[in-house]
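Colleague: Just passing along the structure, written as structure tokens.
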Amino acid sequence: MVIFMHCMLNAADVVELSDRDAMEKKDGISKCMSQLGMPLFFYISGIGASFFDTRKKGYLIFVSDKIQRLLLPMLLAILFLLIPRLYLSQEYEAWTRVGDEVEPNFLKYLVKVLPVVNSRLSWLWFLIVLFDAMLIVYPFLGLSQRRREGLQVGWADAKLAGGLGVTLGAWALLSSLSIEEPELRGLYLSSLTVLASYFLVLYLLQLLIVRGGSGYKLAMFGKLVGPIFCGIMNSLKQGQ
Numbered sequence: 001m002v003i004f005m006h007c008m009l010n011a012a013d014v015v016e017l018s019d020r021d022a023m024e025k026k027d028g029i030s031k032c033m034s035q036l037g038m039p040l041f042f043y044i045s046g047i048g049a050s051f052f053d054t055r056k057k058g059y060l061i062f063v064s065d066k067i068q069r070l071l072l073p074m075l076l077a078i079l080f081l082l083i084p085r086l087y088l089s090q091e092y093e094a095w096t097r098v099g100d101e102v103e104p105n106f107l108k109y110l111v112k113v114l115p116v117v118n119s120r121l122s123w124l125w126f127l128i129v130l131f132d133a134m135l136i137v138y139p140f141l142g143l144s145q146r147r148r149e150g151l152q153v154g155w156a157d158a159k160l161a162g163g164l165g166v167t168l169g170a171w172a173l174l175s176s177l178s179i180e181e182p183e184l185r186g187l188y189l190s191s192l193t194v195l196a197s198y199f200l201v202l203y204l205l206q207l208l209i210v211r212g213g214s215g216y217k218l219a220m221f222g223k224l225v226g227p228i229f230c231g232i233m234n235s236l237k238q239g240q
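Note that UniProt numbering numbers the sequence shown so that position 8 is 8, with each residue one more than the last.
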């Protein structure tokens with residue numbers, strides 16, 4: 001599904017598609033498939049993460065595992081898939097060029113694009129976003145497992161919250177330094193804060209459902225959380 005959509009978009013760019021009806025059909029297909037394909041990746045990853053036993057492996061082990069499974073493959077994909085794709089697309093996609101010039105020599109293009117490749121991740125963006133989501137998921141996963149076992153809130157929960165804060169702060173700092181536009185550097189940390197708040201609200205709702213026994217009533221509020229936080233995220237983006 002994802003491959004088909006990107007092939008369709010690239011084909012439209014190559015042939016310089018300009019017919020209005022064809023453009024509307026292309027945009028409609030793209031938006032419909034994006035609503036299904038990308039969320040499905042995150043849903044499957046979330047199901048896989050739910051099997052992680054936080055009692056046996058700590059937060060740093062979890063983060064290390066996600067670095068090996070998400071960030072290292074992304075680095076390899078940048079070198080062997082993304083950069084060749086950017087190089088071949090210079091003729092018909094202006095954003096793939098460095099300095100708005102078409103560089104015919106691949107080695108010279110490689111040297112030019114490496115320092116700015118973080119702003120040209122294209123379809124690899126979801127690996128970064130998935131990594132961010134996983135950093136936030138682990139503490140709530142640990143909290144849920146402890147509550148399910150009937151354990152009281154204690155030092156272990158405080159360590160989960162502290163580990164989340166330190167990790168997100170360090171990751172946000174590294175990420176902001178790699179952003180070229182100074183006015184956008186604050187957007188990353190604020191976006192992570194909104195994402196963490198989203199998971200916190202869902203966790204508290206789930207806790208109330210389990211303890212209160214009125215799940216069918218509170219579950220309706222859970223359906224409103226997503227659109228509300230999407231609106232907050234969009235307002236942050238528009239404000240920047």
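All C-beta atoms in this analysis are idealised placements derived from N, C-alpha and C, irrespective of residue type, glycine included.
(1) Assign residue 96 to buried or exposed, taking buried as 16 or more other Cβ atoms, counted over all protein chains shown, within 10 Å of its Cβ.
(2) Does DSSP put residue 98 in a helix, a strand or coil?
(3) Return the CA-CA distance between residue 195 and residue 48, expressed in angstroms with no decimal places.
(4) Relative to the alpha-carbon of residue 223, which residue among 126, 202, 233 has its alpha-carbon at the smallest distance?
(5) What residues in its chain sit with their C-beta under 7 Å from that of residue 167, if we drop five residues either side in the sequence?
(6) Taking 8 Å as the cut-off, decide whether the C-beta atoms of residue 70 and residue 127 are in contact.
(7) Please determine, among 190, 205, 163, the residue with the shortest C-alpha to C-alpha distance to residue 175.
(8) Please confirm whether residue 164 and residue 236 have their CB atoms less than 8 Å apart.
(9) Using a 10 Å radius around the Cβ and a threshold of 16 neighbouring Cβ atoms, would you call residue 54 buried or exposed?
(10) Which stretch, first to last residue, makes up the alpha helix (DSSP H) that contains residue 167?
(11) So, residue 31 versus residue 12, is the Cβ gap smaller than 8 Å?
(12) Could you check how far apart the C-beta atoms of residue 250 and residue 139 are, in whole angstroms? I think they sit under 8 Å.
(13) Compare the Cα-Cα distances from residue 156 to each of 124, 56, 120 and report the closest residue.
(14) Is any non-hydrogen atom of the ligand FAD found closer than 7 Å to the C-beta of residue 87, if you look at the structure I gave you?
Modeller: According to the structure data:
(1) buried
(2) strand
(3) 20 Å
(4) Comparing Cα positions, the closest option is 202.
(5) 63, 135
(6) yes
(7) Ranked by Cα distance from residue 175, the options 190, 205, 163 are led by 190.
(8) no
(9) By the 10 Å Cβ count, residue 54 comes out buried.
(10) Its alpha helix (DSSP H) spans residues 155-177.
(11) no
(12) Residue numbering for the chain in the displayed model covers 1 to 240; residue 250 lies beyond these limits and cannot be assessed.
(13) 56
(14) Among the components modelled here there is no ligand, and therefore nothing to report on the ligand FAD.
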